[in-house]
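In the working numbering, the protein residues as written are -7 to 193. Comments concern the structure below.
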């Protein structure tokens, strides 16, 4: 998993509430178990018409937001089914941070496990960032995980909370497998001792 320390990128505004995981990545794209290649289908039913043409009014189809790395979203983002393909699709598109007033629990947890930082803020602060994000190509925001601050285009700063253990994992690029591998030496020692104590096993 890629490390997350400090991210400076364009923030895209998506003020919709209750954006569920089927909206993020529709069910017909869940056949793959690969984490790559899903970005093109992110928000598929909102990005494309029935003929596969881009819907020009959708935010991520607008030239200013095609390279967005931060999403400023509405309340209860990531609700619905528990599909891990949702953060996979966001990450493959290039989104590394989602900011909202609340998230569905499973989606929230899956973000951390895939290198995406979900940030919960009060409505008034999300509104400020949403306003910043409306600036198009000038909507450059910096998210500093180490200092737990968000800096807007005008230099204003907002602080956010994050669980210390999850912060440690993101800064060091540790997913569940990485956390296990950190204990590899201890695991090898235990297995060696267990083999000597119980050679019949």
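No residue lacks a Cβ here, since even glycine has one placed at the ideal position from N, Cα and C. Because the structure is a prediction, the values reported are computed rather than measured.
Proximal residues to residue 95 (C-beta, below 6 Å), its chain only, five neighbours per side dropped: Here residue 95 corresponds to residue number 103 of the chain shown, with the count starting at 1. If we look at residue 95 and ignore the five residues flanking it on each side, its Cβ neighbours are 69, 70, 110.
Validate contact between the segment -2 to 7 and the segment 131 to 140 using beta carbons, cut 8 Å, 3 pairs: yes
Any 3 or more C-beta pairs closer than 8 Å across the segment 122 to 131 and the segment 96 to 105: no
Residue(s) in a DSSP beta bridge with residue 40: Position 48 of the chain shown, counted from the first residue, corresponds to residue 40. Looking at the DSSP assignment, residue 40 forms a beta bridge with 46.
Residues sharing a beta bridge with residue 136, DSSP: Looking up residue 136 in the chain shown gives position 144. Bridge partners of residue 136: -2, 141.
First and last residue of the uninterrupted alpha helix (DSSP H) at residue 16: For this step, residue 16 is matched to residue 24 along the chain shown. Unbroken alpha helix (DSSP H) run through residue 16: 13 to 16.
Any 3 or more C-beta pairs closer than 8 Å across the segment 16 to 35 and the segment 74 to 94: yes
Completely contained beta strand (DSSP E) runs for the segment 66 to 113, where each covers 3 or more residues: 89 to 92, 109 to 112
Close Cβ partners of residue 3 (< 6 Å) along its chain, the five nearest in sequence each way excluded: The sequence position of residue 3 within the chain shown is 11, counting from 1. These residues qualify, in order along the chain: 62, 64, 125, 131, 133.
Distance, residue 177 Cα to residue 18 Cα: As a position in the chain shown, residue 18 is number 26, starting the count at 1. As a position in the chain shown, residue 177 is number 185, starting the count at 1. Going from the Cα of residue 18 to the Cα of residue 177 covers about 42 Å.
CA-to-CA distance, residue 164 to residue 150, given in whole angstroms: Residue 150 sits at position 158 when you count from the first residue of the chain shown. Residue 164 sits at position 172 when you count from the first residue of the chain shown. Roughly 23 Å between the two C-alpha positions.
Whole-angstrom distance between residue 184 and residue 51, CA atom to CA atom: Mapped onto the chain shown, residue 51 falls at position 59. Mapped onto the chain shown, residue 184 falls at position 192. Their Cα atoms are separated by approximately 56 Å.
Residue 25 (DSSP reduced to helix, strand or coil): In the chain shown, the residue the question calls residue 25 occupies position 33. Looking at residue 25 - three-state DSSP - the assignment turns out to be coil, as it is neither helix nor strand.
Closest Cα partner of residue 7 within the set 21, 77, 90: What you label residue 7 is simply residue 15 of the chain shown in a count that begins at 1. For residue 7, the nearest C-alpha among the options comes from 90.
Where residue 104 falls, given that 16 or more other Cβ within 10 Å makes a residue buried: As a first step, residue 104 must be located in the chain shown, where it is residue number 112. Residue 104 comes out buried.
Run of the alpha helix (DSSP H) containing residue 163, from where it starts to where it stops: In the chain shown, residue 163 corresponds to position 171, counting from 1. Residues 156 to 164.
Spatial neighbours of residue 14 in its chain, beta-carbon cut-off 6 Å, leaving aside the 5 residues before and after: By 1-based counting over the chain shown, the position of residue 14 is 22. Cβ neighbours of residue 14 beyond the five flanking positions: 72.
Pick from 167, 193, 118, 191 that is closest to residue 5, judged by C-alpha positions: In the chain shown, residue 5 corresponds to position 13, counting from 1. Out of 167, 193, 118, 191, 118 has the C-alpha closest to the C-alpha of residue 5.
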